[in-house]
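Protein chains in written order, with the numbering used here: chain E, 15 to 822; chain G, 786 to 947; chain H, 78 to 373. Ideal Cβ positions, reconstructed from N, Cα and C, are used throughout, including at glycine. Everything below concerns the one structure shown next.
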Amino acid sequence: MPGPWTEPPGEKFALEDLEAQAHWQREYHRIVRAIREEMGADLPEAAEGVTGTVGMPLPRNDVLYKVRGRARYAANIKMADMLHCRFVRSEQAHARILRIDTTQAEAVPGVVAVLKGEEIPPDRRLIGTLTQDTPVLAVDKVRFAGEPIVAIAAETPEAAEAACLLVEVDYEPLPVIHSPEEALAADAETIDAEGNVIGDLLHEIGDLEAGLAQADVVLENEYVVESMDHAFLEPPSGLCFLDPEGVLTVLVCTQYPHYHHKQVARVTGLPLEKVRVSQTVVGGAFGGKMDNAVECALALLTLRTGRPTTATLSREEVFTSTTKRHAMTIRQKLGATKDGKLTALDVEVLSDGGAYRSYSMIVGGRCVIHTGMPYRIPNVRSHYVVAFTNYPPAGAMRSFGIVKMAFAMESQMNELAERLGLSPIEVRRRNAMVDDDKTIIGQKLWDVAYHETLDAIEPIYERLRREIAAEPTRNGRKRGIGLASLGYGIGYSGVRNPSTARMYVDAEGQVLACCGTPDIGTGSDMSLAMIAAQSAGISLHRVRVISGDSTKTDDSGPTSASRTTYFSGNAAYICGQDFKRQIEEAVAKARDLPAERVRLEDDRVLVGNDSIGFEEACALIGEGTEEICGYGKFDPDIAMDILKFSGNPYATYTFGTDMVEVEVDEELGQIDVVRAWTAHDAGTVINPVGTEGQIDGGVVMGIGQALWERCVRKDGVIANPHYRDYLMAGAKDVPLEIENTFVENKDRTGPYGAKGVAEVSLIPIPAAIASAVRHASGVWPNHLPMDAEYLYRLIAEARGKPVADAAE
Amino acid sequence: MTQLDISLTVNGARHELSVGPTEMLTEVLRRRLDMTGTNRDCGMGICGACTVLLDGQPVSSCILLAALADGSEITTVEGLERDGRLTAVQEAFLRHGAVQCGYCTPGFVITSTALLEENPSPSREEIVEALKGNLCRCTGYKKIVEAVEAVARAKGDGVGVS
Amino acid sequence: MDCRYSRPESLAEAVAVLCEAQEATEGEAHLVAGGVALGILMNEKLLAPRWFVDVSRLAELKGIEASEDGGLRIGAGCRHREVERSPLVAERYAILAEMAAEIACGRIKNRGTIGGNICLADPQGDPPVAVIALRATLRALGPKGTRDIPATDFFKGLYETALGPDEILQEIRLPPPQANEGAAFGKFSARRAMDYSSTISVAVRLTRDPASEQILEIGLGLGGSGETPIWAKETEKAFIGRRPGDECFALMRETLFAEIEPLADDLYSQDYKRHVAAVIMKRTVEKAWQRSGGTA
């Protein structure tokens with residue numbers, strides 16, 4: 015098996031030789047030093063790097079390849095003798111497969127292999143994260159249009175495509191289930207052998223009826239959220255080959271290489287050590303690169319042909335076959351006393367799980383656990399039902415459902431504030447969670463800085479209220495502001511999910527940090543390098559991170575649920591400490607000194623009264639460096655009884671408040687978000703550039719979900735499988751004024767006090783926009799997206815005008 | 786199959802190629818010339834990931850018949866750097882956090898480079914107008930616009946660009 | 078299927094090649110100018126061309142210049158970007174620059190041509206709407222010689238024009254601007270860039286009678302309001318002899334609702350699109366009126 019040093023560290027990032035990489039890394043560290051100097055440091059000319067970088071706004075070294083067009087995305091890797099794979103996909107949303115005829119396809123010149131599901135042994139046909147229910151290739155039934163049926167490998171992509179068109183599939187159509195409501199009907203056609211219900215989760219605390227009876231105000235509303243796509247720009251892509259040792263190697267853009275490692279081994283029947291899955295540079299994921307897309311089919315085709323095989327999905331395939339955000343209907347009843355104290359919350363969710371289970375249960379569990387957050391509510395009932403439909407599977411997506419729960423909860427809080435004549439900040443303050451409060455499943459919180467996020471937003475809110483009162487319209491459009499909050503648990507829900515890290519060094523002083531969770535484009539490798547370097551006491555420029563490779567790193571879970579900085583960051587921190595100790599011991603041994611007389615700090619080793627550079631120290635250790643392996647494992651005590659919904663599901667929680675200013679063109683129903691403000695409790699910010707980037711990106715994704723984005727489902731197909739009609743925001747559609755505040759807080763359990771932030775800023779945005787629209791135009795939107803026609807009709811109805819000639 | 790002989794100058798190097806009449810420029814760059822910096826995504830000229838300069842002007846290479854580019858000068862993202870140094874635009878993207886997953890980046894870098902070539906001190910509105918057709922899913926655009934503004938400012942201060 | 082590629086050296090030769098190509102391919106030959114829509118349709122597998130006739134380099138299709146009657150001649154092969162930035166256009170037909178600025182984004186404007194867009198006759202196309210409002214004449218060359226087609230009579234149906242399969246649009250000829258003229262272009266789109274579908278666009282060119290402060294004549298073109306770019310003939314009549322204002326717009330709305338039939342799509346219903354067309358028309362007429370020197 016290849017050890018950590020067998021391939022150059024930059025191999026994952028760059029499509030250029032080592033010499034070029036070394037040059038560009040030097041360029042990179044020249045820039046880092048320049049930044050440090052601009053920040054006021056007086057750096058010795060001789061030194062190459064900088065130490066103590068946690069908290070510095072640093073650029074990322076992988077970007078060096080990205081801005082130059084040398085990034086190693088899977089689709090950019092070429093191998094000699096490589097075959098191209100394409101898929102035949104179901105045209106039917108729900109049907110029995112009667113016959114698959116591949117005769118003509120096989121005859122297409124250039125076609126090398128045609129793979130059908132029935133050729134996979136029955137016990138290896140199904141894959142899936144939690145439940146193995148998803149066929150690699152459909153065999154006797156298809157459950158959604160876009161489901162793969164046949165995989166074809168050919169000498170050219172054109173030949174594979176031509177062959178796909180010649181595969182004949184005969185179907186016997188079955189009734190199509192379009193919604194969870196239809197799925198739950200008594201006489202509904204069953205999609206899955208176990209019925210149409212994927213999950214039915216219920217949790218209650220206190221006495222709901224008594225809580226409602228205590229309330230002076232009870233708000234009851236229904237919120238509808240349509241399905242959306244991750245719309246990462248890089249379509250899923252991978253390449254599979256047999257390495258010289260016969261290890262089946264899959265290079266793929268994924269959030270979770272170790273999962274694919276196990277799945278590929280299962281599907282192929284190979285032992286784990288005969289399979290390697292290594293992550294390529296990932297062009298965005300957002301939860302959409304958790305499940306199998308090309309991995310298993312490529313593995314089977316490579317084994318069949320003995321040749322490297324590659325596949326990249328088309329944009330249309332991405333829209334029609336990869337997982338989606340769950341469409342949900344949320345009914346909420348919220349009770350409060352007249353002084354704004356919440357007394358009861360009743361939540362009823364009906365969620366559309368699509369054709370297979372994917373992460374549906376994780377999303378459901380998270381929604382139940384987060385019910386009512388970030389507020390103290392004594393009496394809560396949360397009921398979540400997710401059912402199958404004949405649309406692409408719904409899976410993980412940034413916030414695992416919480417953005418929708420927040421749309422309902424936060425909209426209710428804003429309505430409550432209005433009803434009681436309180437400011438939305440004040441009503442939140444009166445219920446805000448603080449240290450030692452418990453979530454509805456009984457987890458006690460610590461290092462909560464939610465109040466501080468409200469404090470940070472309040473002056474801006476008050477100022478904007480005054481501004482808008484003085485000038486309620488701008489360019490003929492109504493102005494409004496709105497805010498909303500969140501509380502969010504970091505990492506897997508209720509399942510132990512340890513992260514590990516290992517650090518190696520060579521005699522020249524180059525350090526490798528092998529971390530399990532992969533960088534999916536967020537810059538997490540950079541943050542981990544900063545943490546590992548600082549913890550070890552060495553300069554950043556020495557450390558290269560390798561992540562997301564099944565043979566070089568442990569399974570440390572996926573990069574998802576905002577967990578990498580916190581979990582792998584902790585592992586990197588612990589690992590750095592261990593590494594430092596080992597270096598100190600090795601130097602002590604070489605100099606024949608007691609270990610306590612040797613200290614590694616600030617990239618120098620203090621040896622007795624002497625001080626030597628880190629490189630000199632490594633030279634001194636010499637071959638002994640091969641023995642050095644720092645190790646860190648972070649495995650917080652997470653445990654939850656999933657049946658009773660009790661326990662400690664998350665290692666830490668993060669909190670925040672977002673505010674937006676909108677302008678509404680009431681005649682057309684169009685909303686413009688013109689400014690945004692965020693205040694987050696991210697704990698310590700490891701790298702402000704990266705953290706702000708996550709916040710800005712989350713805000714804009716939230717705006718997209720709020721205003722435009724939806725997978726249009728019609729007659730069993732996704733009717734808008736392209737960017738033409740799936741409307742993602744461009745630079746002209748979003749505010750460029752996004753002001754971010756990170757409230758001062760340190761999580762006692764986080765690396766240098768850090769929490770996670772990748773998903774959080776998105777969560778409050780739709781509710782904040784809805785509230786701003788209320789402020790501007792007097793209506794409460796309760797549907798996502800709030801597209802122009804929806805809002806126009808809402809305003810027209812509110813003013814009692816028929817739609818066709820309203821808005822005069 | 787009919788083949789056409791065309792000549793393309795890509796990043797200063799001339800290539801004589803025989804292409805099919807229906808072949809798009811993205812494919813020629815990626816498959817024939819092994820220049821994979823130009824990314825492929827929507828295939829409809831919408832996302833901008835495949836943007837290259839055709840005689841100095843940004844175009845969508847995914848919908849451009851290679852035959853139409855015959856005799857033209859093409860600049861791809863790989864062709865920007867000089868003597869082992871990043872251009873001002875590239876360095877600004879790096880420093881300002883304008884890049885996350887990076888898949889849209891070549892398109893943004895190319896488009897921004899063309900904008901600044903034509904208009905060395907664009908206003909924020911002009912920058913947004915120039916970049917409005919490039920999609921980015923990660924950054925929210927703010928830092929991209931700030932990066933271009935930073936280059937424009939540096940130019941205004943008389944600092945060299947590339 | 079095999080595809081041929083010709084690059085004729087003159088417009089006359091192009092017509093001859095086109096005739097031959099159409100006959101050889103039973104109408105599956107395509108002119109290539111900017112190649113934008115063509116590339117998209119090919120990638121979407123909606124088009125499998127068998128013979129390309131490349132007219133992108135023909136000098137006869139280039140150039141924007143004043144014509145002898147005081148109007149303007151725009152070569153059909155001019156790119157949107159050239160139209161947007163032409164000083165001649167800016168000076169005398171600013172509405173065209175305004176229209177061109179709204180097309181997709183820079184990358185598309187750098188390739189797409191005004192003539193190509195007109196010939197595509199996409200119901201959402203912007204140039205068709207402008208040439209209708211401006212009462213342009215579209216000059217085509219075919220095997221039987223030159224033919225002038227009024228823009229108002231050019232768009233026949235879904236992606237269908239008055240051009241014969243063997244004719245090539247050569248130039249767009251605009252009549253000279255009148256005294257007290259004002260023109261404007263307005264567009265609705267869900268997003269501010271790259272919207273190809275569900276857009277609704279309105280082009281207005283009007284002249285104001287300074288004596289009565291009423292609209293003397295008006296040209297109205299609408300995009301996204303039916304199967305093809307629309308000449309809103311009846312709505313034009315509703316404006317003539319009136320002064321833009323609430324009463325006038327109410328009448329316009331009624332007439333317009335009867336005159337257009339926008340296609341419902343995945344984003345918006347027909348009712349809503351009608352409403353949007355009326356709102357955009359009102360706003361655009363107001364803008365044109367102000368530009369003609371009229372007061373609000």
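Under 8 Å by Cβ, that's how I've got residue i and residue j pegged, so tell me the actual separation to the nearest angstrom.
i        : j        : result
E/VAL519 : E/VAL676 : Rounded, the Cβ-Cβ distance is 54 Å, inconsistent with contact.
H/GLY193 : H/ALA110 : 4 Å
H/ILE195 : H/LEU218 : In fact, because the Cβ distance is near 15 Å, the residues do not count as touching under 8 Å.
E/THR385 : E/ALA167 : That belief does not hold up - the Cβ atoms of E/THR385 and E/ALA167 are roughly 48 Å apart, past 8 Å.
E/ASN691 : E/GLU753 : Checking the sequence, you will find Trp at residue 691 of chain E rather than Asn. Their Cβ separation, rounded to whole angstroms, is 5 Å, which keeps E/TRP691 and E/GLU753 in contact under 8 Å.
Let me confirm a value: residue i is counted as buried when at least 16 other C-beta atoms fall within 10 Å, else exposed. Which label applies?
i        : result
E/PRO438 : buried
E/LYS458 : exposed
H/MET358 : buried
H/THR223 : exposed
E/ALA821 : Residue confidence for E/ALA821 is low, a pLDDT of 40 falling below 50, so the modelled location carries little weight and cannot support an answer.
E/ASN623 : exposed
E/ARG556 : buried
E/ASP679 : buried
H/GLU168 : exposed
E/SER413 : buried
H/LYS122 : exposed
E/MET15  : Any reading at E/MET15 must be qualified, since the residue scores a pLDDT of 35, below 50, and its modelled position is unreliable; no value is offered.
E/VAL448 : exposed
G/VAL933 : buried
E/ALA224 : exposed
G/THR787 : exposed
Look up residue i in the DSSP assignment and give the residues it is bridged to.
i        : result
E/ASP563 : E/SER292
H/SER278 : H/LYS264 and H/GLY300
G/GLN842 : G/LEU839
E/ILE166 : E/ARG100 and E/VAL128
E/ASN754 : E/THR692
E/PHE255 : E/THR263
E/ARG727 : E/ILE732
Within 7 Å: the Cβ of residue i and any heavy atom of the ligand HEM?
i        : result
H/GLY192 : Judged by which ligands are present, the structure shown has none, so any question about the ligand HEM falls away.
### Task
Could you name each continuous beta strand (DSSP E) segment of 3 residues or more that falls completely within the segment 656 to 715 of chain E, going from the start of the chain to the end?
Scanning the segment 656 to 715 of chain E for uninterrupted beta strand (DSSP E) segments of 3 residues or longer gives 660 to 662, 667 to 679 and 684 to 695, listed from N- to C-terminal end.
### Task
Specify whether the segment 915 to 932 of chain G and the segment 99 to 116 of chain E touch according to this definition: at least 3 beta carbon pairs, one from each stretch, less than 8 Å apart.
Contact between the segment 915 to 932 of chain G and the segment 99 to 116 of chain E is absent: fewer than three C-beta pairs spanning the two stretches fall below 8 Å.
### Task
Kindly provide the ranges of any beta strand (DSSP E) runs that are 3 or more residues long and lie completely inside the segment 72 to 141 of chain E, ordered along the chain.
Segments of the beta strand (DSSP E) lying fully in the segment 72 to 141 of chain E: 97 to 103, 109 to 115 and 125 to 130.
### Query
Are the segment 351 to 368 of chain H and the segment 270 to 282 of chain H in contact at 8 Å, needing three or more beta carbon pairs?
A contact between stretches requires three or more CB pairs, one per stretch, nearer than 8 Å, and the segment 351 to 368 of chain H meets this requirement with the segment 270 to 282 of chain H.
### Task
Assess, as a yes-or-no matter, whether the segment 327 to 340 of chain E is touched by the segment 297 to 312 of chain E under the definition of 3 or more beta carbon pairs within less than 8 Å.
Cβ pair count under 8 Å is three or more, so yes.
### Message
I'd like the ranges of any alpha helix (DSSP H) spanning at least 4 consecutive residues and lying wholly in the segment 424 to 485 of chain E.
### Response
For secondary structure counted as the alpha helix (DSSP H) over 4 or more consecutive residues, the segment 424 to 485 of chain E holds these complete runs in sequence order: 438 to 443 and 464 to 484.
### Query
Should the segment 284 to 291 of chain E be regarded as contacting the segment 556 to 573 of chain E, the criterion being three or more beta carbon pairs within less than 8 Å?
Segments in contact, yes.
### Query
Would the segment 218 to 235 of chain E and the segment 142 to 149 of chain E be scored as touching if the rule is three or more Cβ pairs under 8 Å?
These segments do not touch.
### Message
Please give the ranges of any alpha helix (DSSP H) in the segment 276 to 360 of chain H, keeping only runs that are unbroken, at least 4 residues long and fully inside the region.
### Response
Counting only unbroken stretches of 4 or more residues, the alpha helix (DSSP H) elements lying wholly within the segment 276 to 360 of chain H are 310 to 316 and 323 to 336, in sequence order.
### Message
My parser needs the alpha helix (DSSP H) runs of 4 or more residues fully inside the segment 111 to 138 of chain H; what are they?
### Response
Segments of the alpha helix (DSSP H) lying fully in the segment 111 to 138 of chain H: 113 to 120.
### Query
Would you say the segment 789 to 797 of chain G touches the segment 146 to 162 of chain H, given that touching needs at least three Cβ pairs under 8 Å?
Too few Cβ pairs lie closer than 8 Å, so no.
### Query
If we count Cβ pairs, one from each stretch, closer than 8 Å, do we get three or more for the segment 220 to 240 of chain E versus the segment 56 to 68 of chain E?
Flag = no, the segment 220 to 240 of chain E and the segment 56 to 68 of chain E do not touch.
### Query
Counting only runs that start and end within the segment 173 to 238 of chain H, where is the alpha helix (DSSP H) found for 4 or more residues in a row?
Listed in chain order, they are 183 to 186, 191 to 197 and 204 to 210.
### Message
Below 8 Å, how does it come out for the segment 826 to 843 of chain G and the segment 879 to 890 of chain G: are there three or more Cβ pairs, yes or no?
### Response
By the Cβ test, the segment 826 to 843 of chain G is in contact with the segment 879 to 890 of chain G, since at least three Cβ pairs between them sit closer than 8 Å.
### Message
Please give me, in chain order, every unbroken run of the beta strand (DSSP E) with length at least 3 that falls completely inside the segment 845 to 929 of chain G.
### Response
With a minimum length of 3 residues, the continuous beta strand (DSSP E) runs that stay inside the segment 845 to 929 of chain G are 858 to 860.
### Query
Quick check: the segment 475 to 488 of chain E against the segment 637 to 650 of chain E, are there 3 or more CB pairs under 8 Å?
The segment 475 to 488 of chain E makes no contact with the segment 637 to 650 of chain E, as fewer than three CB pairs between them are under 8 Å.
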